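J.: Residue numbering for the sequence shown follows this note's numbering, beginning at 4 and increasing consecutively.
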Amino acid sequence: MRFLYLYLILLLSLSVSGQKTDLLGQLIKQHKTTLGDWAADPAKYDIQVIYTQIDRDANNHPSFTSYRWGVDSKRYFYPASTVKMPAAFLALEKLNDLRIRVLDKFTPMRVGAVTPPQTPVVTDTSSANDLPSLAHYAKKIFVVSDNDAFNRLYEWLGQSYFNEKLWEKGYRDTRILRRLANPAFDDETNRYTNPITLYRYDTVFYYQGEVYSDLTPPNLGLSAEQRGIAYLDNQDKRVDGAFDFSNKNYLSLQNLHDILKAVIFPEATPPAQRFHLTEDDYRYLYRCMSMWPRESRHPSYHQADNYVKFWMYGDSTQALIPGVRIFNKVGWSYGFLTDIAYIVDLEKGVEFFLSGTIHVNANQVYNDGIYEYDEIGLPFFSQLGKLIYDYELQRPRKVKPDLNKFRLKYD
Numbered sequence: 004m005r006f007l008y009l010y011l012i013l014l015l016s017l018s019v020s021g022q023k024t025d026l027l028g029q030l031i032k033q034h035k036t037t038l039g040d041w042a043a044d045p046a047k048y049d050i051q052v053i054y055t056q057i058d059r060d061a062n063n064h065p066s067f068t069s070y071r072w073g074v075d076s077k078r079y080f081y082p083a084s085t086v087k088m089p090a091a092f093l094a095l096e097k098l099n100d101l102r103i104r105v106l107d108k109f110t111p112m113r114v115g116a117v118t119p120p121q122t123p124v125v126t127d128t129s130s131a132n133d134l135p136s137l138a139h140y141a142k143k144i145f146v147v148s149d150n151d152a153f154n155r156l157y158e159w160l161g162q163s164y165f166n167e168k169l170w171e172k173g174y175r176d177t178r179i180l181r182r183l184a185n186p187a188f189d190d191e192t193n194r195y196t197n198p199i200t201l202y203r204y205d206t207v208f209y210y211q212g213e214v215y216s217d218l219t220p221p222n223l224g225l226s227a228e229q230r231g232i233a234y235l236d237n238q239d240k241r242v243d244g245a246f247d248f249s250n251k252n253y254l255s256l257q258n259l260h261d262i263l264k265a266v267i268f269p270e271a272t273p274p275a276q277r278f279h280l281t282e283d284d285y286r287y288l289y290r291c292m293s294m295w296p297r298e299s300r301h302p303s304y305h306q307a308d309n310y311v312k313f314w315m316y317g318d319s320t321q322a323l324i325p326g327v328r329i330f331n332k333v334g335w336s337y338g339f340l341t342d343i344a345y346i347v348d349l350e351k352g353v354e355f356f357l358s359g360t361i362h363v364n365a366n367q368v369y370n371d372g373i374y375e376y377d378e379i380g381l382p383f384f385s386q387l388g389k390l391i392y393d394y395e396l397q398r399p400r401k402v403k404p405d406l407n408k409f410r411l412k413y414d
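#1: Beta-carbon separation of ASP308 and SER255 under 8 Å?
#2: Please state whether the Cβ-Cβ distance between LEU30 and TYR394 is less than 8 Å.
#3: Count Cβ pairs between the stretch 146 to 162 and the stretch 231 to 250 that sit closer than 8 Å; are there 3 or more?
#4: Buried or exposed for TRP314, going by 16 or more other Cβ atoms inside 10 Å?
#5: Measure the C-alpha to C-alpha separation of PRO269 and ALA344 and round it to an integer number of angstroms.
#6: Report the three-state DSSP secondary structure of TYR210 (helix, strand or coil).
#7: Mind checking whether THR55 and VAL333 have CB atoms under 8 Å apart?
#8: Relative to the alpha-carbon of HIS279, which residue among LEU381, TYR392, PRO82 and GLU171 has its alpha-carbon at the smallest distance?
#9: Taking the alpha-carbon positions, what's the LEU7 to ILE53 distance?
#10: Which whole-angstrom value is the C-beta distance of ASN234 and ASN370, which I expect to be below 8 Å?
#11: Among the residues of its own chain, which have a CB less than 8 Å from the CB of PRO425, if the five just before and after it don't count?
#12: Quick check: what's the CA-CA separation for ALA245 versus ARG78?
#13: Determine the burial state of ASP283: buried for a count of at least 16 other Cβ atoms within 10 Å of its Cβ, exposed for fewer.
#14: Using the Cα positions of ASN99 and PHE109, report the straight-line distance between them to the nearest angstrom.
#15: For ASP149, name the three-state secondary structure that DSSP assigns.
#16: Does the pairing of the stretch 227 to 242 with the stretch 133 to 145 give three or more beta-carbon distances under 8 Å?
#17: Would you check whether the ligand SAH has a heavy atom nearer than 7 Å to the C-beta of LEU156?
#18: Between TYR81 and chain D, is the shortest Cβ-Cβ distance under 8 Å, so that the two count as touching?
#19: Based on DSSP bridge pairs, tell me the residues matched to MET315.
See the structure below:
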């Protein structure tokens, strides 16, 4: 009843002011006393949030209404592991575009090594058949945010292909230049990507040699790429002065939000912005994105259910809400926490998109491992996620959505 009353008050104020974009701000203001410090001073934490409501017509076709809080695509934040999401989508698209009928996402994959510090991969004991594949790497990316899995998909795609394909689709606030969590690679060696072989038994079906990217990094006109007062270098020595993010990966929150939306609702996305995926690809990705770690058999994981689910559950190991599934990708590094999510309650007929990022680095020193993730960052996601979910439970809908598409079987 409390949230229904709040909804009616907000609806009246919005109809009077005509300012749809202030809904998030009004919701947060209404609950400021029960939220963390982030609610009173969002600029201090570089908070950006996009909330998209979904309404269905009589034919179950979706329409979208988006609200933004603090969003600035030209203000830098470090996307960390969220860049793995488009890597997984593009990896399957590239395979499909080869149009080689004997290949699929489960075809064994062998990674070679040519230019140091590249490393080869021949086996993967975490898979059911002990062999790596594009599908298995995509699964590890979503279920536990595996860094090596991303790096192997980066090598499959190549730096130029990765960026240019996203730009072609209209996701232009994008700059993906580096592998993750592997400081042995510098700007130049990240341009080289390993040779890849797709094969079965003794038969090679596709070979891609080492690729060198001559990509010119785009000038995205970003602010705040120089941050802090000091950082620790690769030898853990303190260096006084700002930390430079200008050669780091970047994907704007809006682009990340739209990329996920394009995969969750391809039928409601302009064709040029879609990914070239099969129906089986979509089902596979939906399972991987929404799976709790304990539901995976290959690999078998023991992480808590909330390990890569920041919204609603980030700061808690509380019991999961029955019927709720979160299709998402998170990232955390350098004090930046980000979650890009489609949240659905299959029992109560609720669905919405929620994407956000926050920066927590009080001492302004980077690479020292001292960030306020537990104190501020994860509570932000938990508190705001629950607030929006509770609001959605009370929001009137003319048509109850048919969500059978997202009722999935897991490992």
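Glycine included, C-beta positions come from ideal geometry on N, C-alpha and C. Remember, it's a predicted structure, so these values are computed and weren't measured experimentally.
T.: Well, looking at it:
#1: The answer is no: Cβ separation not under 8 Å.
#2: yes
#3: As far as the Cβ criterion goes, the stretch 146 to 162 does not touch the stretch 231 to 250, which means the pair count is below three.
#4: buried
#5: 16 Å
#6: strand
#7: no
#8: The alpha carbon of HIS279 has as its nearest neighbour, out of LEU381, TYR392, PRO82 and GLU171, the alpha carbon of GLU171.
#9: Confidence at LEU7 is low in this model, with a pLDDT of 47, below 50, so its placement is unreliable and no value can be given for it.
#10: The residue you asked about is not Asn; residue 234 is Tyr in the sequence shown. Confirmed, Cβ separation roughly 5 Å.
#11: Missing from the structure shown is residue 425; the chain here goes from 4 to 414 and no further.
#12: Straight-line Cα distance between these residues: approximately 16 Å.
#13: ASP283 is exposed by the Cβ-count criterion.
#14: Cα atoms of ASN99 and PHE109: separation of roughly 12 Å, rounded to the nearest angstrom.
#15: coil
#16: no
#17: Questions concerning the ligand SAH fall outside what the structure shown contains, since it holds no ligand whatsoever.
#18: Protein chain content of the structure displayed is limited to a single chain, and chain D is not contained in it.
#19: DSSP output for MET315 lists no bridge partner at all.
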